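Here the structure comes first, spelled out in structure tokens, and everything after it is commentary.
In full-length UniProt numbering, the protein residues as written are 1 to 221.
Written as structure tokens, this is what we have:
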């Protein structure tokens, strides 16, 4: 086959990978750590360099079975969400979920929070999520999701209002346009037609994906 034709076919396949969004289990990305199998990571392909795909964080969610396993009777489910902007101007919407638990030495089986307590807890959730997100860049924020640093801080901050358990950042998604498929707000040094900085993209590749096997599979599509 003509080498020019082969080069053309490869270029077409490479262009087809750009801007695709892949949803992958965090357990697979970390080499089979089943403790994080319930967390789904969304990655967007920004550029293709040979057999390597440079990706960017595009969102996060929980599996349905994980969410259902958290919901139990005789407790109150509390949710809150907030729009935040990182120090590198990425706009995200973060969703938090938490559940009440019985106080120490409590005999009563139920642990329902009052409406006023729920409002206070939601306010605390929003304050902590905003403080954590606005004090770091996207790289630092993503690194806080995996060990549940934000959820643990919320549990500690709300213990005086009502004890909480199973507090998670259950969902994160960016503020994106539907028609052109790009972020509404990008860092000032970037333009719409350019891929994000290679340093930032390489970070997410290193954390989230084994690039070569992944690309070999999709280039055959």
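C-beta atoms are modelled at their ideal positions from N, C-alpha and C, and glycine is treated no differently.
Remember, predicted model here, so these are calculated numbers, not experimental data.
By how many angstroms is the C-alpha of residue j removed from the C-alpha of residue i?
i	j	result
residue 117	residue 162	7 Å
residue 69	residue 52	37 Å
residue 59	residue 23	9 Å
residue 145	residue 42	13 Å
residue 81	residue 32	30 Å
residue 14	residue 28	24 Å
residue 132	residue 78	19 Å
residue 149	residue 67	19 Å
Which partner residues does residue i have in the DSSP bridge list?
i	result
residue 92	84, 174
residue 164	100
residue 49	52
residue 34	Paired residues: none, contrary to the question.
residue 61	40
residue 243	For residue 243 there is no data in the structure shown, the boundaries of the chain being 1 and 221.
Count the other CB atoms, across all protein chains shown, that sit within 10 Å of the CB of residue i; report buried if there are 16 or more and exposed otherwise.
i	result
residue 192	Only weak support is given to the placement of residue 192: the predicted model assigns it a pLDDT of 33, under 50, and the value that follows is read from those uncertain coordinates. Looking at its Cβ environment, which holds fewer than 16 other Cβ atoms inside 10 Å, residue 192 is exposed.
residue 46	buried
residue 198	With a pLDDT of 36 at residue 198, under the threshold of 50, the predicted position of this residue should be treated as unreliable, though the coordinate-derived value follows. With fewer than 16 other Cβ atoms within 10 Å, it is exposed.
residue 158	buried
residue 152	exposed
residue 103	exposed
Identify which residue in the options has its Cα closest to the Cα of residue i.
i	options	result
residue 243	107, 142, 102, 168	The shown model of the chain, from 1 to 221, leaves out residue 243, and the question about it has no answer.
residue 156	18, 128, 79	128
residue 18	55, 131, 29	55
residue 62	103, 130, 26, 16	26
residue 44	98, 30, 65, 16	16
For residue i, verify whether its CB is less than 7 Å away from any heavy atom of the ligand FAD.
i	result
residue 14	The ligand FAD is absent from the structure shown, which contains no ligands of any kind.
#### Entry: Any 3 or more C-beta pairs closer than 8 Å across the stretch 36 to 46 and the stretch 70 to 86
When Cβ pairs closer than 8 Å are counted between the two stretches, the stretch 36 to 46 is seen not to touch the stretch 70 to 86, the count staying below three.
### Query
Any chance the stretch 163 to 175 sits against the stretch 91 to 103, with 3 or more Cβ pairs inside 8 Å?
These segments touch.
### Query
Is the stretch 148 to 164 close to the stretch 105 to 121, with three or more CB pairs under 8 Å?
Cβ pair count under 8 Å is three or more, so yes.
### Query
Taking three-plus beta-carbon pairs below 8 Å as touching, is the stretch 79 to 88 in contact with the stretch 132 to 150?
Flag = yes, the stretch 79 to 88 and the stretch 132 to 150 touch.
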